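Only one structure is covered here, and it is reproduced in the block below.
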Amino acid sequence: MEEHCQASVLRAIAAGEQNFEYDDRTGGGWKPCGHSHEALSYIIKNIAVRAAPKYIQAGKLTFPRPITEAPEIGDKVFFVQMSFGRLIVVTEEWCDNRAQRAYLKNNTAHLNYTWALQHAEVLNAVSRGEV
4 MEEHCQASVL
14 RAIAAGEQNF
24 EYDDRTGGGW
34 KPCGHSHEAL
44 SYIIKNIAVR
54 AAPKYIQAGK
64 LTFPRPITEA
74 PEIGDKVFFV
84 QMSFGRLIVV
94 TEEWCDNRAQ
104 RAYLKNNTAH
114 LNYTWALQHA
124 EVLNAVSRGE
134 V
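Quick note: the sequence shown uses the working numbering, first residue 4, plus one each step.
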């Protein structure tokens, strides 16, 4: 049996997660939607919902955890990549190819440009010895 498209959100609600985001696909990206009851109301309206990201701390710097599950085909994904000795952010549409799966496995994929940029900046600071 195929899993419901919002099964991971429903599991997060059942586990007591309290912070969620929604994307109404109007181009504004993911927005906070508050508590689990509000998340359920968006699911009922067939609006994409996800648990809000958790953060990783390196010294005084933080960045949201990279995604660990493949997004939907066609979703924009932001990858932290090495380029000429420093880390940058590259944007692609998810097509589930080997290279994209490798970035996902290496924990360098985000669903938001700002989060990927924060991740790259923290790693660049670490490589410069600032953290």
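C-beta atoms are modelled at their ideal positions from N, C-alpha and C, and glycine is treated no differently.
All values reported here derive from a predicted model rather than from experimental measurement.
Pick from F82, D99, L126 and N115 that is closest to G88, judged by C-alpha positions
Locating residue 88 in the sequence shown gives position 85, where the first residue counts as 1. The shortest C-alpha separation from G88 is found at L126.
If you draw a straight line from the C-alpha of Y106 to the C-alpha of G62, how long is it?
By one-based count along the sequence shown, residue 106 stands at place 103. By one-based count along the sequence shown, residue 62 stands at place 59. Spanning the alpha carbons of Y106 and G62 requires a straight line of approximately 24 Å.
Taking the beta strand (DSSP E) that V92 falls in, what are its first and last residues?
As a position in the sequence shown, residue 92 is number 89, starting the count at 1. Looking at the DSSP string, the run of the beta strand (DSSP E) that includes V92 is R89 to E96.
Selection from V92, A18 and W33 that minimises the alpha carbon distance to A55:
Mapped onto the sequence shown, residue 55 falls at position 52. Ranking V92, A18 and W33 by Cα distance to A55 puts W33 first.
Look at E24 and R68 and say whether their C-beta atoms are less than 9 Å apart.
Against the sequence shown, residue 24 aligns to sequence position 21. Against the sequence shown, residue 68 aligns to sequence position 65. For the 9 Å CB-CB criterion, E24 and R68 do not form a contact.
So who's on the other strand from H113, going by DSSP bridges?
Within the sequence shown, the letter at position 110 stands for residue 113. F81, per the DSSP bridge assignment.
For H40, count neighbouring C-beta atoms within 10 Å of its own C-beta (all shown protein chains included) and say buried if the count is 16 or more, exposed if not.
As a working mapping, residue 40 is identified with position 37 in the sequence shown. Classification of H40: exposed, given that the 10 Å Cβ count is below 16.
Q103 beta carbon less than 9 Å from that of V80:
Your numbering for residue 80 matches position 77 in the sequence shown. Your numbering for residue 103 matches position 100 in the sequence shown. Yes.
What separation, rounded to the nearest whole angstrom, lies between the Cα atoms of W118 and A112?
Indexing the sequence shown from 1 puts residue 118 at position 115. Indexing the sequence shown from 1 puts residue 112 at position 109. Taking the straight line from one Cα to the other gives about 9 Å.
DSSP bridge partner residues for E24 (one or two, in chain order)
Stepping through the sequence shown from its first residue, residue 24 is reached at position 21. Answer is P35 and R53.
Around the C-beta of H38, are 16 or more other C-beta atoms found within 10 angstroms, so that it is buried, or is it exposed?
Your numbering for residue 38 matches position 35 in the sequence shown. Around the beta-carbon of H38, fewer than 16 other beta-carbon atoms lie within 10 Å, marking it exposed.
Give the straight-line distance between the Cα atoms of T65 and S44, rounded to the nearest whole angstrom.
As a first step, residue 65 is located in the sequence shown; it is residue number 62 there, counting from the start. As a first step, residue 44 is located in the sequence shown; it is residue number 41 there, counting from the start. Rounded to the nearest whole angstrom, the C-alpha separation of T65 and S44 is 31 Å.
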